[in-house]
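Numbering (the working numbering), first residue to last: -18 to 271. What follows is one structure encoded as structure tokens, with my remarks underneath.
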Amino acid sequence: MLDIQPLAILREIDRTGSLTDAADRLNLTQSAVSHAIRRFEERYGVKLWEREGRKLRLTPTGEYLLSLAARVLPQLEHGATVLEDFARGRRGALRVGMECHPCQDWLMRIVDPFLAAWPDVDLDVTSAFQFGGLAALLGHEIDLLVTPDPVERPSLEYRPVFNYELVLAVADDHPLVRKRQVTPSDMARETLITYPVARERLDIYTKFLVPAHALPRRHRTVETTDLMLRLVASGRAVSATPDWLLRGAKGVTGVRIGSGIPKSIHVGYRTGTMPGYLEGFMQLAESVEI
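Here you go:
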């Protein structure tokens, strides 16, 4: 393995034109510079320069090493900067997992300022987990998990980033609009639309229908919020929806579900030292109003 010190010496001599000035730039004595070059020459059996009076003339070997220094040293210096950025949490990759289907718009309001503040950090967002978001977080497949249903584990922490209420979205002219709150028996005549999530993870079932031994007339799923709200507005179905999603939605009204189902969106992460960019994301998540 080549010692990089002779490369740095040759580069500084080329830059300054003087062995003395090169030694000063490298914070070395002139004798230390001469000794380093002599040791290199003896090790490889080559000569790097020849003296012509007070000047130094590089040999072909010296010229080759100077060209090598011009290519290699900038990369090593850049590498040192990258390592410093990693140590300070300025560089890396942030993988965000989403268990909140309607949170995409909220997340996009965080992405732009995050990318601007952390230009050297790669960002990836996924909702495809082989064994669920919790397993992905515990298995280091993702770094953050956005979820409305935090599951406590000793190695995980969660921060609530905003609160909301789950309401029943119905068409503006639906009979349920006239009610102050929906009862479980009201759902017996309705088609309920949800995201494609297991029933045991849907609050409309676990906190409202199942305790009352009630079910909707029909249950179907859709992938997108926009389609869900369009179907509700057309009077074809109802949907348990975060209240903030209905702000500005046309043709849709939110009705309280029972005595209310309050919720919070949490961001979960593994305990331990938190890189600066991850803390930066968390601060943005807590500051963006929904």
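The beta-carbon is built from N, C-alpha and C at its ideal position, and this holds for glycine as well.
With C-beta atoms as the reference, is residue i less than 8 Å away from residue j?
{"i": "W99", "j": "G261", "result": "yes"}
{"i": "R(-8)", "j": "A61", "result": "no"}
{"i": "V233", "j": "L210", "result": "yes"}
{"i": "G70", "j": "L118", "result": "no"}
{"i": "A193", "j": "P165", "result": "yes"}
{"i": "A152", "j": "A214", "result": "yes"}
{"i": "S220", "j": "T175", "result": "yes"}
{"i": "I246", "j": "P129", "result": "yes"}
{"i": "D101", "j": "D154", "result": "no"}
By alpha-carbon positions, which one of the options ends up nearest to residue i?
{"i": "P256", "options": "G73, G249, G(-2)", "result": "G73"}
{"i": "D(-16)", "options": "T1, L9, R24", "result": "R24"}
{"i": "I(-10)", "options": "P156, L39, T164, H82", "result": "L39"}
{"i": "H200", "options": "H16, R170, S108, L47", "result": "R170"}
{"i": "L259", "options": "C84, T202, D130, D103", "result": "D103"}
{"i": "T202", "options": "R180, G(-2), S240", "result": "R180"}
{"i": "G34", "options": "A218, V53, S(-1), E44", "result": "S(-1)"}
{"i": "P197", "options": "A218, R182, L208, E204", "result": "A218"}
{"i": "Q162", "options": "L88, R32, S240, R6", "result": "S240"}
{"i": "T254", "options": "S136, S108, L64", "result": "S136"}
{"i": "R(-4)", "options": "A13, S48, M(-18)", "result": "S48"}
Give every residue of the same chain whose Cβ lies closer than 7 Å to the Cβ of residue i, excluding the five residues on either side of it in the sequence, and list them in chain order.
{"i": "A266", "result": "I91, V142, V248"}
{"i": "V27", "result": "T42"}
{"i": "C84", "result": "V127, I246"}
{"i": "V158", "result": "V151, T234, V236"}
{"i": "A195", "result": "P165, S166, M168, A169"}
{"i": "L190", "result": "P165, M168, L196"}
{"i": "E204", "result": "P177"}
Just to check my reading of the structure: residue i and residue j have Cβ atoms closer than 8 Å, yes? What is that Cβ distance to the nearest angstrom?
{"i": "I242", "j": "L147", "result": "4 Å"}
{"i": "Y250", "j": "L125", "result": "5 Å"}
{"i": "A150", "j": "T222", "result": "4 Å"}
{"i": "I238", "j": "I185", "result": "7 Å"}
{"i": "E138", "j": "T252", "result": "5 Å"}
{"i": "V132", "j": "E80", "result": "That belief does not hold up - the Cβ atoms of V132 and E80 are roughly 10 Å apart, past 8 Å."}
{"i": "M263", "j": "R140", "result": "6 Å"}
{"i": "L37", "j": "I(-6)", "result": "6 Å"}
So, for residue i: in the same chain, excluding its five sequence neighbours on each side, which residues have a beta-carbon less than 8 Å away from its beta-carbon?
{"i": "K160", "result": "D167, V236"}
{"i": "T10", "result": "A4"}
{"i": "D(-13)", "result": "The question names Asp, but residue -13 is Pro in the sequence shown. The residues are A17, I18, F21, L29, L46."}
{"i": "T1", "result": "Q11"}
{"i": "L54", "result": "I(-15), L(-12), A(-11), R(-8)"}
If you drop the 5 nearest sequence neighbours on each side, which residues of the same chain put their C-beta closer than 6 Å to that of residue i?
{"i": "Y145", "result": "P223, D224, W225, K244"}
{"i": "F110", "result": "A117"}
{"i": "H82", "result": "Y176"}
{"i": "D105", "result": "R76"}
Next item on the list: Would you list, in sequence order, the uninterrupted alpha helix (DSSP H) runs of no fewer than 4 residues that lie entirely inside the stretch 85 to 173?
Entry: 85 to 98, 114 to 119
Item checked: Uninterrupted beta strand (DSSP E) stretches inside the stretch 221 to 254 (no shorter than 3 residues) -> Runs of the beta strand (DSSP E) lying entirely within the stretch 221 to 254, each at least 3 residues long, are 233 to 251 in chain order.
Check: For the stretch 171 to 219, which segments carrying the alpha helix (DSSP H) assignment without a break, of at least 4 residues, lie completely within its bounds, in sequence order?
Finding: Runs of the alpha helix (DSSP H) inside the stretch 171 to 219: 206 to 214.
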